[in-house]
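K.L.:
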Amino acid sequence: MTACVALGAALLAPGAAEAAGSTPEHAYRNIGQADRAEWMWGIASDTPLSAMSIPGTHDTLSIHNGTSVQTQEDWGDSAATLTAQLERGIRAIDIRARVSGGAAFTIHHAVYYQQANFDDVLTKAQAFLRAHPTESIVMRLKAECPYSDVGTFDCANDPKSTTPADVRSIFADYVKRYPGLFYTPSVSGSGRANVPTLGQVRGKLVLGSFDSVDSDGYGIKGFNDRKEDHWAPDSLAEKWGYVKTNVNKAISGSASDMYVTYSSASKAPFGYLPYQFAGGWKLGNENGDIVHDEPGVNYQLMKHLNSNPGRVGVIMTDFPGWGLVNAIIDHNDGNMVKGGQRSIWLVNADKTYSNSQYQGRCMVRGPEFGSGDGGLVTQRPCQSSPPSSHQWTATKPDTFDGKGHFWIKASNGQCLTMPYNNGTAPAAGTQLFWWPCETRWFSGSQMWNVMPTKLATSTGSRPAYYFINNWTGLCLSMDPATASTTGGKVTQDSCPK
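Just add 536 to the spot in the sequence shown (first one is 1) and you have the working numbering.
Structure (structure tokens):
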């Protein structure tokens, strides 16, 4: 039985993300140029944060006190390093706070002060978001110092009598001093917020979680539920195994579930250091030959992302390179809005196909050939009550196609068809026609691959599609020369990039 398909569903998975980098140097300690300050502008506003792929940094401001402690490139104190990261695409940050003077937070990695205060973080974040209001920053905030049994390498709050309630109170004062900066539901303290859409948090700092404060009233629901953070593995291979497993879970998991993966690790001071886990290590002999070369987690992760499409969640890295950052960003392709283009079509509830570039023009079943077997496919102004000649459906072929293609059927049961052209695939610009649906598959001239995409709207996006002919590899389109003419040509042309 013929199966009619509702085109609101995602019919095919998006293609693999384009490679962002290819060498270890592209993935490690080389975050690149300040050219990714507004990459979120192209993401549909109705995309939940849980459905996004977001590059982040672990211990974001840890740039001082040696290789056992440093986790990021040093772009300057007072959170200048944060600004550099944000301009280069980082959108998830990991801030570790120590109570100072009973009323303020300073930024630490364990006992080591990182020459920045929480005011620096918020001031830099606010300046960035004001300059780039399409963006959002997700922050994991942790009370870094233990409240008792302070060890040699632990920081100590001032005063030492500080309690989790004190930390929460100090944070609330910061929220009041920076009105409009935070996404309010995430910092209310009265319960974790539902996962917001990007449109709800553009221009905002979102608290993903507030850790070690003896409260579950902050952050986003599920933020830490599917987290990978084995921070002290015995080997690079062990850490990479944890990272790869969690990233793959994110790829295959529900888009409504948050996934957070820390690719960072350390066995300092007596084992692998953060930079070695991130960048790998080499061993040479007295002749200068490399006898062992173990790639770092960053490079292995970048390669894995470049060949495996799908949402990967929040990934928190040490010493990221531009190639790794781009590889994560590229995994948002499925939620990128596409502007109007003549090979992108809106499929409407009234079964009309309207062109996204030439808005208000609908594909129609045009004049019949003299034989009465078929006719031309043209376009006309869309109508509020469309006649049957304006209506089409995507339908699975009856018997002979095992490759997931569709017939695009007119209301009279005839199929959208590419001209046979004596067996030679016709060129771009060729006008299409409607013809009885074939029961044998010779050329694929009636077979169409239906590819979902998104089209920007004033409030977010709406589903749109492009239709690739199986024979020619070109897409259903409109002739620009006759686009404003009633009865203008519906053709094939290059597919959207």
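Note that CB positions come from ideal geometry on N, CA and C, so glycine has one too.
Please report the straight-line C-alpha distance between residue 974 and residue 982, rounded to a whole angstrom.
P.N.:
By 1-based counting over the sequence shown, the position of residue 974 is 438. By 1-based counting over the sequence shown, the position of residue 982 is 446. Looking at the two C-alpha atoms, the distance is approximately 8 Å.
K.L.:
Taking residue 799 as the reference, which of 872, 953, 757, 864 has the closest Cα?
P.N.:
The residue you call residue 799 lines up with position 263 of the sequence shown. If we check each option's Cα against that of residue 799, 864 comes out closest.
K.L.:
Who are the Cβ neighbours of residue 591 in its own chain at under 8 Å, not counting the five residues just before and after it?
P.N.:
Within the sequence shown, residue 591 is the residue found at index 55, counting from 1. Result list for residue 591: 625, 626, 627, 628, 851, 853, 856, 860, 861, 864, 865, in chain order.
K.L.:
Do residue 820 and residue 826 have their C-beta atoms closer together than 7 Å?
P.N.:
Numbered from its first residue, the sequence shown carries residue 820 at position 284. Numbered from its first residue, the sequence shown carries residue 826 at position 290. Yes.
K.L.:
Using 7 Å as the threshold, is the C-beta distance between residue 756 and residue 796 below it?
P.N.:
Along the sequence shown, read from residue 1 onward, the residue named residue 756 stands at position 220. Along the sequence shown, read from residue 1 onward, the residue named residue 796 stands at position 260. Against a cut-off of 7 Å, the Cβ pair of residue 796 and residue 756 comes out as no contact.
K.L.:
Would you report the Cα separation of residue 638 and residue 990, rounded to the nearest angstrom?
P.N.:
Here residue 638 refers to the residue found at position 102 when the sequence shown is read from its first residue. Here residue 990 refers to the residue found at position 454 when the sequence shown is read from its first residue. Answer to the nearest angstrom: the Cα atoms are 50 Å apart.
K.L.:
Indicate whether the contact test is met: 3 or more Cβ pairs, each with one atom in the region 749 to 763 and one in the region 802 to 810, closer than 8 Å.
P.N.:
no
K.L.:
Just mark residue 875 as buried or exposed, buried being the case when its beta carbon has 16 or more other beta carbons within 10 Å.
P.N.:
Residue numbering aside, residue 875 sits at position 339 when the sequence shown is read from its first letter. Classified as exposed, residue 875 has fewer than 16 neighbouring CB atoms from the shown chains inside 10 Å of its CB.
K.L.:
Taking a contact to mean a Cβ-Cβ separation below 7 Å, would you say residue 895 touches residue 878 in this structure?
P.N.:
Against the sequence shown, residue 895 aligns to sequence position 359. Against the sequence shown, residue 878 aligns to sequence position 342. Contact flag unset, no.
K.L.:
I'd like to confirm the pairing. Which residues does DSSP put opposite residue 817 in its beta bridges?
P.N.:
Counted from its first residue, the sequence shown places residue 817 at position 281. Paired residues: 830.
K.L.:
Assuming residue 966 and residue 733 form a contact by the criterion Cβ under 8 Å, report the distance between their Cβ atoms to the nearest whole angstrom.
P.N.:
Sequence index remark: in the sequence shown, residue 966 carries index 430 (1-based). Sequence index remark: in the sequence shown, residue 733 carries index 197 (1-based). About 41 Å; that fails the 8 Å criterion.
K.L.:
Extract the residue ranges of the alpha helix (DSSP H) inside the region 569 to 612, only unbroken runs of 4 or more that lie entirely within it.
P.N.:
none
K.L.:
Can you have a look at residue 671 and say buried or exposed, based on whether 16 or more other CB atoms are within 10 angstroms of its CB?
P.N.:
As a working note, residue 671 is residue 135 in the sequence shown. Using a 10 angstroms sphere on the CB of residue 671, the tally of other CB atoms reaches 16 or more, which defines it as buried.
K.L.:
Could you give the uninterrupted runs of the beta strand (DSSP E) lying entirely in the region 640 to 708, keeping only those of 3 residues or more?
P.N.:
640 to 645, 648 to 653, 673 to 679
K.L.:
Whole angstroms is fine: what's the gap from residue 646's alpha carbon to residue 600's?
P.N.:
Looking up residue 646 in the sequence shown gives position 110. Looking up residue 600 in the sequence shown gives position 64. Approximately 12 Å, taken between the alpha carbons.
K.L.:
Per DSSP, residue 809 forms a beta bridge with which residues?
P.N.:
Taking the sequence shown and counting its residues from 1, the one referred to as residue 809 is at position 273. The partner list for residue 809 (beta bridge, DSSP) is empty, contrary to what the question assumes.
K.L.:
Which same chain residues, not among the five before or five after residue 1022, have their C-beta less than 6 Å away from its C-beta?
P.N.:
What you label residue 1022 is simply residue 486 of the sequence shown in a count that begins at 1. Cβ neighbours of residue 1022 beyond the five flanking positions: 916.
K.L.:
For residue 842, is the classification buried or exposed, using 16 other Cβ atoms within 10 angstroms of its Cβ as the cut-off for buried?
P.N.:
On the sequence shown, position 306 is the one that residue 842 refers to. That one is buried.
K.L.:
Tell me whether the region 650 to 657 and the region 684 to 695 touch, counting them as touching only if at least three CB pairs, one residue from each stretch, are closer than 8 Å.
P.N.:
They do not touch, by the three-pair rule.
K.L.:
Who does residue 985 pair with in a DSSP beta bridge?
P.N.:
As a position in the sequence shown, residue 985 is number 449, starting the count at 1. Paired residue(s): 1004.
K.L.:
Distance, Cα to Cα, residue 1027 vs residue 943?
P.N.:
Here the question's residue 1027 lines up with position 491 in the sequence shown. Here the question's residue 943 lines up with position 407 in the sequence shown. Rounded to the nearest angstrom, the two C-alpha atoms are 16 Å apart.
K.L.:
In the DSSP assignment, the alpha helix (DSSP H) including residue 903 goes from what residue to what residue?
P.N.:
Along the sequence shown, read from residue 1 onward, the residue named residue 903 stands at position 367. Element bounds for residue 903: not the alpha helix (DSSP H) but the beta strand (DSSP E), 897 to 904.
K.L.:
Please name the residue in 598, 941, 849 whose C-alpha comes closest to that of residue 614.
P.N.:
Here residue 614 is taken as the residue at index 78 of the sequence shown, counted from 1. Closest option to residue 614, Cα to Cα, is 598.
K.L.:
Give the straight-line distance between the Cα atoms of residue 740 and residue 717, rounded to the nearest whole angstrom.
P.N.:
In the sequence shown, the residue the question calls residue 740 occupies position 204. In the sequence shown, the residue the question calls residue 717 occupies position 181. Their backbone Cα atoms lie some 5 Å apart in a straight line.
K.L.:
Tell me whether the beta-carbon of residue 563 lies closer than 7 Å to the beta-carbon of residue 778.
P.N.:
The residue you call residue 563 lines up with position 27 of the sequence shown. The residue you call residue 778 lines up with position 242 of the sequence shown. Not in contact: residue 563 and residue 778 (Cβ atoms no closer than 7 Å).
K.L.:
For residue 747, which of 814, 558, 682, 649 has the nearest alpha-carbon?
P.N.:
Stepping through the sequence shown from its first residue, residue 747 is reached at position 211. Among 814, 558, 682, 649, the Cα nearest to that of residue 747 belongs to 682.
K.L.:
As an exercise, report each continuous alpha helix (DSSP H) stretch of at least 4 residues that is fully enclosed by the region 732 to 815, in chain order.
P.N.:
734 to 737, 772 to 788, 810 to 815
K.L.:
Report the rounded CA-to-CA distance for residue 882 versus residue 770, giving the unit in angstroms.
P.N.:
By 1-based counting over the sequence shown, the position of residue 882 is 346. By 1-based counting over the sequence shown, the position of residue 770 is 234. Residue 770 has its alpha-carbon roughly 53 Å from the corresponding atom of residue 882.
K.L.:
Just tell me which of 558, 621, 588 has its CA closest to the CA of residue 571.
P.N.:
One-based indexing of the sequence shown puts residue 571 at position 35. When each option's Cα is compared against that of residue 571, the closest is 621.
K.L.:
How would you label residue 548, buried or exposed, when you count the other beta carbons within 10 angstroms and need 16 or more for buried?
P.N.:
The sequence position of residue 548 within the sequence shown is 12, counting from 1. Residue confidence for residue 548 is low, a pLDDT of 27 falling below 50, so the modelled location carries little weight; the figure read from the coordinates is stated next. Burial state of residue 548 is exposed, judged by a 10 Å Cβ sphere holding fewer than 16 other Cβ atoms.
K.L.:
Who are residue 943's beta bridge partners in DSSP?
P.N.:
Translated into the one-based positions of the sequence shown, residue 943 becomes position 407. Answer by DSSP bridge pairing, in chain order: 931.
K.L.:
Counting only C-beta atoms, is residue 888 closer than 7 Å to chain C at any point?
P.N.:
The chain inventory of the structure shown lacks chain C, comprising one protein chain alone.
K.L.:
Provide the residue(s) that pair with residue 1029 in DSSP beta bridges, ordered along the chain.
P.N.:
If you number the sequence shown from 1, residue 1029 lands on position 493. Residue 1029 is bridged to 1011.
K.L.:
So residue 621 is in the alpha helix (DSSP H); what residue range does that whole segment cover?
P.N.:
The sequence position of residue 621 within the sequence shown is 85, counting from 1. Note, residue 621: alpha helix (DSSP H), 616 to 623.
K.L.:
Taking the C-alpha atoms as reference points, what is the distance between residue 705 and residue 791?
P.N.:
For this step, residue 705 is matched to residue 169 along the sequence shown. For this step, residue 791 is matched to residue 255 along the sequence shown. Rounded to the nearest angstrom, the two C-alpha atoms are 34 Å apart.
K.L.:
For residue 872 and residue 997, what's the separation of their Cα atoms in angstroms?
P.N.:
Indexing the sequence shown from 1 puts residue 872 at position 336. Indexing the sequence shown from 1 puts residue 997 at position 461. Going from the Cα of residue 872 to the Cα of residue 997 covers about 9 Å.
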